Amino acid sequence: MPIYEYQCDSCGVHFERRQSFSDNSTPSCPNGHAAVHRIYSVPGVVFKGSGWYVNDSRKSGAKSNSD
Ligand SMILES: [Zn+2]
Numbered sequence: 036m037p038i039y040e041y042q043c044d045s046c047g048v049h050f051e052r053r054q055s056f057s058d059n060s061t062p063s064c065p066n067g068h069a070a071v072h073r074i075y076s077v078p079g080v081v082f083k084g085s086g087w088y089v090n091d092s093r094k095s096g097a098k099s100n101s102d
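Mapping of the sequence shown onto our numbering: residues 36 to 102, in sequence order.
Structure representation (structure tokens):
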């Protein structure tokens, strides 16, 4: 059974619902709001903002051995 992700239009909370394919009912927000919309998760989506890139360039060779 797929898990759908929803977002509340009123308070903006994200929540998930496990629904069968035949169940097209829209759940309500856990906070009690009715204005929710389904978020379609797209494979390979790049989340904007936080750290979704490889940052493995450790500072090597930056030693200063002044002896
Ligand atoms: Zn809400």
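Cβ coordinates follow ideal geometry from the N, Cα and C atoms, glycine included.
These figures come from a predicted structure and were not determined experimentally.
Can you give me the C-alpha to C-alpha distance between residue i and residue j, rounded to a whole angstrom?
i: Arg7; j: Tyr41; result: As shown, the chain starts at 36 and ends at 102. That puts residue 7 outside it, with no answer to give.
i: Arg52; j: Tyr39; result: 5 angstroms
i: Met27; j: Asn66; result: The requested residue 27 is not part of the displayed model; the chain covers only 36 to 102.
i: Pro62; j: Phe56; result: 14 angstroms
i: Asp58; j: Tyr75; result: 16 angstroms
With a CB to CB cut of under 8 angstroms and the five nearest residues on each side skipped, what residues in its chain are close to residue i?
i: Ser60; result: Gln54
Spell out the partners DSSP gives residue i in its beta bridges.
i: His32; result: What the structure shows of the chain is the stretch from 36 to 102, and residue 32 is not part of that stretch, so it cannot be assessed.
i: Tyr41; result: Phe50 and Arg73
With burial defined as no fewer than 16 other Cβ atoms inside 10 Å of the residue's Cβ, what is the status of residue i: buried or exposed?
i: Ser46; result: The question names Ser, but residue 46 in the sequence shown is Cys. Under this definition Cys46 is an exposed residue.
With 8 angstroms set as the bound, which would you pick, yes or no: does the beta-carbon of residue i sit closer than that to a beta-carbon of chain C?
i: Phe50; result: Chain labels in this structure do not include chain C; a single protein chain is all it has.
Tell me which same chain residues have a C-beta within less than 6 angstroms of the C-beta of residue i, skipping the five on either side of it?
i: Cys43; result: Cys64, His68 and Val71
i: His49; result: Gln42
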